[in-house]
Amino acid sequence: MAAVGRNDSFLNIIHLCFFLLVVLISASRSKAVTNVLLTGQTLEPQAKLSYADSGVNLLMRHDCYLVLSDRHGKPIWYSKTSVLGGQNCFLSLTDNGRLVVRNPLGHQVWISSNANSKVGKYIAILLPEGKVSIYGPEVWSVRAAESISSSSSSNSSNEMVSSMKNLQNCTPLVYNVLFSGQVLYNDGKLTDDGYNFIMTKECELVLQKGNGDILWRTRTTGFGENCFARLNHKGGLEIKDDEYRTVWRNSETKRGQVGEYVLVMQKNGNAVIYGPKVWSTAHALDDLIEMLTAEK
6 MAAVGRNDSF LNIIHLCFFL LVVLISASRS KAVTNVLLTG QTLEPQAKLS YADSGVNLLM
66 RHDCYLVLSD RHGKPIWYSK TSVLGGQNCF LSLTDNGRLV VRNPLGHQVW ISSNANSKVG
126 KYIAILLPEG KVSIYGPEVW SVRAAESISS SSSSNSSNEM VSSMKNLQNC TPLVYNVLFS
186 GQVLYNDGKL TDDGYNFIMT KECELVLQKG NGDILWRTRT TGFGENCFAR LNHKGGLEIK
246 DDEYRTVWRN SETKRGQVGE YVLVMQKNGN AVIYGPKVWS TAHALDDLIE MLTAEK
């Protein structure tokens, strides 16, 4: 009987340790700070997207409201799903670029209004000015698991850049995102969770870990002076020198659909370009106003 008692105590200890492990994992998920949601990822009840220390956040409330709040905590957009949803809903991003709120049974209680998007990998981004936008599908990427690139270069001297001072207005305003029309230069970088995507002073784009290990590079060191990397409105990423000659470009530079794109340094170590933009809470507010006007 004594042996049985000891076995029961041992099993109880195992069960307790397993329970504590689950609690710790759940807590780490809910406390993780991120401003992006990728296709296949979810926000559980009371989890949120947030931007640094700005106070701006997108919260999946336990009562099934999806609420966007400004830096003062004032709601500026919400999904109006409480009555339909019940309790403990979760938010996910689908492979056709739509945000969906579902109840615990998996029933859909709200979905973003964008439709007819291509199947692929999308990203929803919370912006510091207080809106959420969806971009996709993925059009180009550099993976942390890939070997160092031996990228080719291309040159063109038919255009002139006005001044490096003008570029100062284009540097990233979001720590992990570069938007169409913005540039990186002079060791400027996108960063998240110890990974950095850097435009070096030596005219090279580099994907680097926090410990200094280089995971990917364009191999363009010394190919130009005062170089900068710019994301265009077709999903193309280019390195230009001070005379606006093309030093390097990715495969999407000229062939993509015109629109708004983003280059995102992700927590998983991947630098990915998504676009164009397919939905925004700003658009959703416009749709609501039009709908209410039409009903009058």
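Okay, so the sequence shown: first residue is 6 according to the numbering used here, each after it adds one.
For each residue, glycine too, the CB sits at the ideal point set by N, CA and C.
Among ASN181, LYS79, ASN231, which one has its Cα closest to the Cα of ILE278? In the sequence shown, the residue the question calls residue 278 occupies position 273. Ranked by how close their Cα comes to the Cα of ILE278, the residues ASN181, LYS79, ASN231 have ASN181 in first place.
Quick one: is ASP2 buried, meaning 16 or more other Cβ sit within 10 Å of its Cβ, or exposed? Because the chain here runs from 6 to 301, residue 2 falls outside it and cannot be looked at.
With distances taken Cα to Cα, identify the nearest neighbour of GLY45 among GLY78, TRP82, THR226, SER97. If you number the sequence shown from 1, residue 45 lands on position 40. The residue among GLY78, TRP82, THR226, SER97 with its C-alpha nearest the C-alpha of GLY45 is SER97.
ARG3 and GLU243: beta carbons closer than 7 Å? The structure shown does not extend to residue 3, since the chain spans only 6 to 301, so no value can be given for it.
Do you know offhand how far VAL211's Cα is from LEU42's? Within the sequence shown, residue 211 is the residue found at index 206, counting from 1. Within the sequence shown, residue 42 is the residue found at index 37, counting from 1. Taking the straight line from one Cα to the other gives about 24 Å.
Between ILE81 and the rest of its own chain, which residues show a CB-CB distance below 7 Å, the 5 nearest in sequence each way excluded? Reading the sequence shown from its first residue, position 76 is the one you call residue 81. Cβ neighbours of ILE81 beyond the five flanking positions: LEU73, SER74, ASP75, GLY135.
Endpoints, beta strand (DSSP E) assigned at GLU243: Along the sequence shown, read from residue 1 onward, the residue named residue 243 stands at position 238. It spans 242-245 - the beta strand (DSSP E) in which GLU243 sits, taken as one unbroken run.
What is the rounded straight-line gap between the Cα of ARG103 and the Cα of HIS288? Within the sequence shown, residue 103 is the residue found at index 98, counting from 1. Within the sequence shown, residue 288 is the residue found at index 283, counting from 1. Distance between the alpha carbons of ARG103 and HIS288: 14 Å.
Between which two residues does the beta strand (DSSP E) holding ASP197 run? Here residue 197 refers to the residue found at position 192 when the sequence shown is read from its first residue. Taken as a continuous stretch (DSSP letters only), the beta strand (DSSP E) holding ASP197 covers 193-197.
Determine the closest residue to ASN93 out of LEU110, LEU71, HIS67, ASN101, with distance taken between C-alpha atoms. Taking the sequence shown and counting its residues from 1, the one referred to as residue 93 is at position 88. Nearest option by C-alpha distance: HIS67.
With DSSP collapsed to three states, give me the class of ALA1. There is no way to answer for residue 1, as the model of the chain reaches only from 6 to 301.
Of the listed residues LEU54, PRO50, THR47, nearest to ASN40 (C-alpha basis): Your numbering for residue 40 matches position 35 in the sequence shown. Nearest option by C-alpha distance: LEU54.
Cβ pair ILE139, TYR127 closer than 7 Å: Position 134 of the sequence shown, counting from 1, holds the residue named residue 139. Position 122 of the sequence shown, counting from 1, holds the residue named residue 127. Contact flag set, yes.
From the DSSP output, in three-state form, read off THR226 for me. As a first step, residue 226 is located in the sequence shown; it is residue number 221 there, counting from the start. In this structure, THR226 counts as coil in the three-state DSSP scheme.
Pick helix, strand or coil for GLY251, following the three-state DSSP scheme. The count along the sequence shown starts at 1 and reaches residue 251 at position 246. Going by the sequence as given, residue 251 is Thr instead of Gly. In the displayed model, THR251 falls within a strand according to three-state DSSP.
What would DSSP say about ALA276, mapped onto helix, strand or coil? Here the question's residue 276 lines up with position 271 in the sequence shown. In the structure shown, ALA276 sits in a strand (DSSP, three-state: E or B).
Out of GLY227, PHE233, ARG260, TYR83, which has the shortest C-alpha to C-alpha gap to PHE202? Position 197 of the sequence shown, counted from the start, is the residue given in the question as residue 202. Looking at GLY227, PHE233, ARG260, TYR83, the one whose alpha-carbon comes closest to that of PHE202 is PHE233.
Tell me, which residues are paired with ARG76 by DSSP? In the sequence shown, residue 76 corresponds to position 71, counting from 1. Answer by DSSP bridge pairing: none, since ARG76 is not bridged.
Environment of GLY186 [buried if 16+ CB atoms lie within 10 Å]: For the purposes of this step, residue 186 is taken as residue 181 along the sequence shown, with counting starting at 1. The residue is exposed, with fewer than 16 neighbouring Cβ atoms inside 10 Å.
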